[in-house]
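First the structure, in the form of C-alpha coordinates, and then the observations on it.
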Amino acid sequence: MADSDEIICVDLDGTLIKSDLSWDSARKLVKKNLFNIFELIFWCFKGIPYLKYRVAKEIDIDPSALPYNSDFLSYLIQKKSEGSKIYLATGSTEKYAKQIADYLQIFDGVFASDLKTNLVGKNKAQKLEQTFPNGFTYAGNSTDDLHVWKKSSKKILVNPSEKAKRAMRFVEHSLYES
86 MADSDEIICV
96 DLDGTLIKSD
106 LSWDSARKLV
116 KKNLFNIFEL
126 IFWCFKGIPY
136 LKYRVAKEID
146 IDPSALPYNS
156 DFLSYLIQKK
166 SEGSKIYLAT
176 GSTEKYAKQI
186 ADYLQIFDGV
196 FASDLKTNLV
206 GKNKAQKLEQ
216 TFPNGFTYAG
226 NSTDDLHVWK
236 KSSKKILVNP
246 SEKAKRAMRF
256 VEHSLYES
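Listed below in C-alpha coordinates is the structure:
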(Lines of atoms letter the chains of each structure in order from A and count residues from 1; the text may use other names and numbers.)
(Lines give C-alpha, C1' and ligand atoms only; values in the text may rest on other atoms or scores of the structure.)
Protein backbone atom coordinates (compact mmCIF):
# COMPACT_ATOMS: atom_id res chain seq x y z
CA MET A 1 0.00 0.00 0.00
CA ALA A 2 1.51 3.33 -1.04
CA ASP A 3 1.59 6.18 1.48
CA SER A 4 -1.07 7.99 -0.53
CA ASP A 5 -3.37 5.01 0.05
CA GLU A 6 -2.44 4.42 3.69
CA ILE A 7 -5.20 4.72 6.26
CA ILE A 8 -4.00 5.53 9.76
CA CYS A 9 -6.43 5.28 12.67
CA VAL A 10 -5.25 7.05 15.81
CA ASP A 11 -6.30 6.53 19.41
CA LEU A 12 -6.69 9.71 21.46
CA ASP A 13 -6.13 9.05 25.16
CA GLY A 14 -2.53 8.17 25.95
CA THR A 15 -1.62 8.20 22.25
CA LEU A 16 -2.37 11.50 20.53
CA ILE A 17 -2.57 13.19 23.93
CA LYS A 18 -0.65 12.22 27.04
CA SER A 19 -3.72 12.14 29.30
CA ASP A 20 -7.20 10.60 29.41
CA LEU A 21 -10.03 13.03 28.65
CA SER A 22 -12.73 10.93 30.30
CA TRP A 23 -10.88 10.74 33.62
CA ASP A 24 -9.69 14.34 33.45
CA SER A 25 -13.21 15.58 32.75
CA ALA A 26 -14.71 13.47 35.55
CA ARG A 27 -12.13 14.91 37.97
CA LYS A 28 -12.99 18.44 36.82
CA LEU A 29 -16.67 17.73 37.40
CA VAL A 30 -15.98 16.61 40.98
CA LYS A 31 -13.64 19.57 41.58
CA LYS A 32 -16.42 21.86 40.40
CA ASN A 33 -18.69 20.47 43.12
CA LEU A 34 -17.82 17.57 45.41
CA PHE A 35 -21.44 16.40 45.40
CA ASN A 36 -21.13 15.70 41.67
CA ILE A 37 -19.54 12.40 42.68
CA PHE A 38 -23.06 11.16 43.36
CA GLU A 39 -24.05 12.14 39.82
CA LEU A 40 -21.09 10.15 38.48
CA ILE A 41 -22.15 7.09 40.45
CA PHE A 42 -25.75 7.41 39.24
CA TRP A 43 -24.60 7.82 35.62
CA CYS A 44 -22.36 4.74 35.93
CA PHE A 45 -25.43 2.63 36.57
CA LYS A 46 -26.77 3.75 33.18
CA GLY A 47 -23.62 2.50 31.43
CA ILE A 48 -20.21 3.82 30.46
CA PRO A 49 -21.41 5.46 27.20
CA TYR A 50 -24.04 7.40 29.16
CA LEU A 51 -21.50 8.36 31.83
CA LYS A 52 -19.06 9.72 29.23
CA TYR A 53 -21.85 11.59 27.44
CA ARG A 54 -23.12 13.26 30.63
CA VAL A 55 -19.66 14.27 31.82
CA ALA A 56 -18.90 15.78 28.39
CA LYS A 57 -22.22 17.63 28.53
CA GLU A 58 -21.17 19.23 31.84
CA ILE A 59 -17.45 19.81 31.21
CA ASP A 60 -15.94 21.67 28.26
CA ILE A 61 -12.41 21.17 27.03
CA ASP A 62 -9.95 23.51 25.36
CA PRO A 63 -8.31 21.50 22.55
CA SER A 64 -5.47 24.02 22.31
CA ALA A 65 -4.48 23.32 25.94
CA LEU A 66 -4.29 19.52 25.74
CA PRO A 67 -0.96 17.75 26.34
CA TYR A 68 -0.34 16.53 22.79
CA ASN A 69 2.34 13.98 22.06
CA SER A 70 4.26 16.40 19.85
CA ASP A 71 6.62 13.85 18.24
CA PHE A 72 3.75 11.62 17.20
CA LEU A 73 1.62 14.58 16.06
CA SER A 74 4.53 15.70 13.84
CA TYR A 75 4.66 12.18 12.38
CA LEU A 76 0.92 12.33 11.61
CA ILE A 77 1.24 15.75 9.99
CA GLN A 78 4.08 14.39 7.82
CA LYS A 79 2.03 11.32 6.84
CA LYS A 80 -0.92 13.57 5.98
CA SER A 81 1.32 15.70 3.74
CA GLU A 82 2.39 12.49 1.96
CA GLY A 83 -1.25 11.65 1.19
CA SER A 84 -2.22 9.28 4.01
CA LYS A 85 -5.79 9.39 5.28
CA ILE A 86 -5.84 9.98 9.05
CA TYR A 87 -8.79 9.07 11.29
CA LEU A 88 -9.30 9.73 14.98
CA ALA A 89 -10.65 6.55 16.60
CA THR A 90 -11.33 7.09 20.29
CA GLY A 91 -13.26 5.87 23.27
CA SER A 92 -13.79 9.50 24.25
CA THR A 93 -17.08 11.16 23.40
CA GLU A 94 -18.01 12.47 19.97
CA LYS A 95 -18.15 15.98 21.44
CA TYR A 96 -14.51 15.93 22.54
CA ALA A 97 -13.28 14.03 19.47
CA LYS A 98 -14.88 16.48 17.05
CA GLN A 99 -13.51 19.48 18.96
CA ILE A 100 -10.00 18.05 18.76
CA ALA A 101 -10.38 17.11 15.09
CA ASP A 102 -11.64 20.62 14.27
CA TYR A 103 -8.70 22.14 16.14
CA LEU A 104 -5.95 19.98 14.60
CA GLN A 105 -7.35 19.93 11.04
CA ILE A 106 -5.51 16.71 10.08
CA PHE A 107 -8.26 14.11 10.37
CA ASP A 108 -10.31 12.80 7.47
CA GLY A 109 -12.91 11.44 9.88
CA VAL A 110 -13.76 10.72 13.49
CA PHE A 111 -14.94 7.57 15.24
CA ALA A 112 -15.91 8.06 18.89
CA SER A 113 -18.13 6.82 21.70
CA ASP A 114 -21.77 7.81 21.57
CA LEU A 115 -24.78 7.17 23.78
CA LYS A 116 -25.07 3.57 22.52
CA THR A 117 -21.49 2.41 22.09
CA ASN A 118 -18.33 2.73 24.13
CA LEU A 119 -15.85 2.68 21.24
CA VAL A 120 -13.03 0.76 22.90
CA GLY A 121 -11.53 -2.72 22.53
CA LYS A 122 -13.69 -5.10 20.49
CA ASN A 123 -16.18 -2.37 19.59
CA LYS A 124 -13.44 -0.21 18.07
CA ALA A 125 -11.84 -3.18 16.32
CA GLN A 126 -15.16 -4.19 14.75
CA LYS A 127 -15.98 -0.63 13.63
CA LEU A 128 -12.59 -0.09 11.99
CA GLU A 129 -12.52 -3.51 10.35
CA GLN A 130 -15.99 -2.92 8.86
CA THR A 131 -15.11 0.60 7.72
CA PHE A 132 -11.70 -0.31 6.25
CA PRO A 133 -12.00 -3.89 4.93
CA ASN A 134 -8.84 -3.48 2.83
CA GLY A 135 -6.73 -2.79 5.92
CA PHE A 136 -5.59 0.06 8.12
CA THR A 137 -2.73 1.09 10.38
CA TYR A 138 -3.63 1.55 14.03
CA ALA A 139 -1.76 3.70 16.55
CA GLY A 140 -2.49 3.07 20.23
CA ASN A 141 -0.82 2.78 23.59
CA SER A 142 -2.43 0.21 25.88
CA THR A 143 -3.70 -3.31 26.22
CA ASP A 144 -7.18 -1.87 25.53
CA ASP A 145 -5.91 -1.58 21.94
CA LEU A 146 -4.95 -5.25 21.54
CA HIS A 147 -8.26 -6.14 19.84
CA VAL A 148 -7.72 -3.36 17.30
CA TRP A 149 -4.09 -4.26 16.67
CA LYS A 150 -5.20 -7.84 15.92
CA LYS A 151 -7.38 -6.50 13.10
CA SER A 152 -4.95 -3.87 11.77
CA SER A 153 -2.47 -4.37 8.92
CA LYS A 154 0.22 -2.29 10.63
CA LYS A 155 0.68 -1.49 14.30
CA ILE A 156 2.09 1.64 15.89
CA LEU A 157 2.74 1.76 19.62
CA VAL A 158 2.86 5.28 21.04
CA ASN A 159 4.18 5.67 24.58
CA PRO A 160 2.93 2.16 25.34
CA SER A 161 2.37 0.83 28.83
CA GLU A 162 4.79 -1.88 29.94
CA LYS A 163 1.94 -4.38 29.72
CA ALA A 164 1.25 -3.36 26.09
CA LYS A 165 4.97 -3.65 25.26
CA ARG A 166 5.05 -7.18 26.68
CA ALA A 167 1.89 -8.18 24.80
CA MET A 168 3.30 -6.88 21.52
CA ARG A 169 6.91 -8.05 21.88
CA PHE A 170 6.55 -10.77 19.20
CA VAL A 171 4.49 -8.66 16.80
CA GLU A 172 6.05 -6.40 14.20
CA HIS A 173 5.28 -2.76 15.00
CA SER A 174 6.62 0.78 15.01
CA LEU A 175 7.34 2.48 18.33
CA TYR A 176 7.03 6.16 19.26
CA GLU A 177 8.08 7.22 22.74
CA SER A 178 8.62 10.67 24.14
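Residues 86 to 263, numbered by this note's numbering, are exactly what the sequence shown covers, in order.
From the three backbone atoms N, C-alpha and C, an ideal C-beta is built for every residue, glycine too.
Compute the Euclidean distance between the alpha carbons of G176 and S166, then round it to the nearest angstrom.
26 Å
Pairwise C-alpha distance: I241 and K345:
Because the chain is modelled from 86 through 263, residue 345 falls outside the range shown and cannot be assessed.
With three or more beta-carbon pairs closer than 8 Å as the criterion, would you say the stretch 179-190 touches the stretch 206-218?
With the cut-off at 8 Å, the stretch 179-190 and the stretch 206-218 do not touch.
Cut-off 6 Å between Cβ atoms - residues of its own chain near M86, not counting five sequence neighbours on either side:
Its pLDDT being 42, under 50, M86 is placed unreliably by the model, and nothing is read from it.
Are I171 and F192 closer than 8 Å when you measure CB to CB?
yes
3 or more residues per run - each beta strand (DSSP E) lying fully within the stretch 128-184:
170-178
Where C47 falls, given that 16 or more other Cβ within 10 Å makes a residue buried
The question about residue 47 has no answer, for the chain in this structure spans 86 to 263.
Whole angstroms are fine: how far does the CA of P152 sit from the CA of K103?
Using only the alpha carbons, I get a separation of about 6 Å.
So, using beta-carbon positions, are V195 and A224 closer together than 8 Å?
no
Thinking C-alpha only, which one of D109, A210 and L119 is nearest D147?
D109
Could you tell me the distance, in whole angstroms, from the CA atom of K239 to the CA atom of E124?
41 Å
Would a C-beta distance cut-off of 8 Å place T202 and K137 closer than the cut-off?
no
Does DSSP put D98 in a helix, a strand or coil?
strand
Classification of G99 by the beta-carbon crowding that lies within 10 angstroms, buried from 16 upward
By the beta-carbon neighbour count (other beta carbons within 10 angstroms, threshold 16), G99 is buried.
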